[in-house]
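Visitor:
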Amino acid sequence: MICIKTKIPKEICEIDDELKAIYHSSDSVCIWVFKSRRDRNKFMDETVGMLKKDREDYYMSNFK
-9 MICIKTKIPK
1 EICEIDDELK
11 AIYHSSDSVC
21 IWVFKSRRDR
31 NKFMDETVGM
41 LKKDREDYYM
51 SNFK
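Heads up, the sequence shown is in this note's numbering, so the first residue is -9 and it goes up one at a time.
1) Which residues in the same chain have their Cβ closer than 7 Å to the Cβ of Ile2, if we skip the five residues on either side of it in sequence?
2) For Ile(-8), which option in Lys32, Tyr48, Asp6 and His14 has the closest C-alpha, if you only look at C-alpha atoms?
3) With a CB to CB cut of under 8 Å and the five nearest residues on each side skipped, what residues in its chain are close to Glu8?
4) Is DSSP giving Cys3 helix, strand or coil here?
5) When you compare only the Cα positions, how much space is there between Met40 and Ile(-6)?
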């Protein structure tokens, strides 16, 4: 396991883990928050293999 110490806002920590999707690259960590577990799973299934920008665009088009 690799852990990178950082400060995560309390508001993010309080959200149920099943409603969050986390993506990381060499220079960033992104946390997407969803209204339902179903939405989160759909996002995960449909964005497999996408680049960060494509995932961001997909999220904004379908969940915001």
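Glycine residues also receive a C-beta, built at the ideal position from the N, C-alpha and C atoms.
Predicted model only: the values in this text are computed from it and were never measured.
Guide: Concretely, from the data shown:
1) The beta carbon of Ile2 sits closer than 7 Å to those of Ile21, all from its chain and outside the five residues before and after it, given in chain order.
2) His14
3) Arg27 and Arg30
4) In the three-state reduction of the DSSP assignment, Cys3 falls in the helix class, which pools H, G and I.
5) 23 Å
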